[in-house]
Amino acid sequence: MTLAQELKKALERRHPDTVCLGGVCYLRLDGGNLAKAEFTSRGGRYNGLRLTVLNRRSGPVDSVTVSFWDLPRGGRKAVPDHEESIAWDIARPVPDIDALSELAEEYLCLFRKPALESR
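So my numbering is basically just the index in the sequence shown, starting at one, shifted up by 67.
Now the structure itself:
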């Protein structure tokens, strides 16, 4: 499964009406807004996820890019040849799609109408 397919599957868990075209996913938000989710790349590899909130009448409202390096990871691990040594993992991070979709959901919640609090 490609990274874009994994993202679509993760987004559809909370937004069943997600539409994906050409590696870009669109989600409906409150107030006539849409969210656009697309991977960013540098050096021929995906390195993050850009989320843009779009208003149908006025265009882009806000945008944020989450780098794969910003996702929580183990950080340090033992070096296989030296069991007692600890080294920083400098390999390219493999994106955790579930963590990405959670961060995306937190961001998109900012653009939802607040629920009325019962008193």
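Virtual Cβ for every residue (Gly too), placed ideally from N, Cα, C.
It should be emphasised that the depicted structure is a prediction, and the values quoted were computed from it without experimental measurement.
At the level of alpha carbons, what is the spacing between G126 and M68? 32 Å
Can you tell me where the beta strand (DSSP E) holding D129 begins and where it ends? 126-134
Would DSSP call K180 helix, strand or coil? coil
Residue from L96, A77, S108 whose Cα sits closest to the Cα of N122: L96
If I measure Cβ to Cβ from S168 and keep anything under 8 Å in the same chain, skipping five residues before and after, which residues do I get? L74, A77, L78, R80, R81
DSSP state of L121 mapped onto helix, strand, coil: strand
Helix, strand or coil for L96 per DSSP? coil
Span of the alpha helix (DSSP H), counted from its first residue to its last, around L78: 70-81
Considering only the alpha carbon of each residue, which of V120, S134, F135 lies closest to V128? V120
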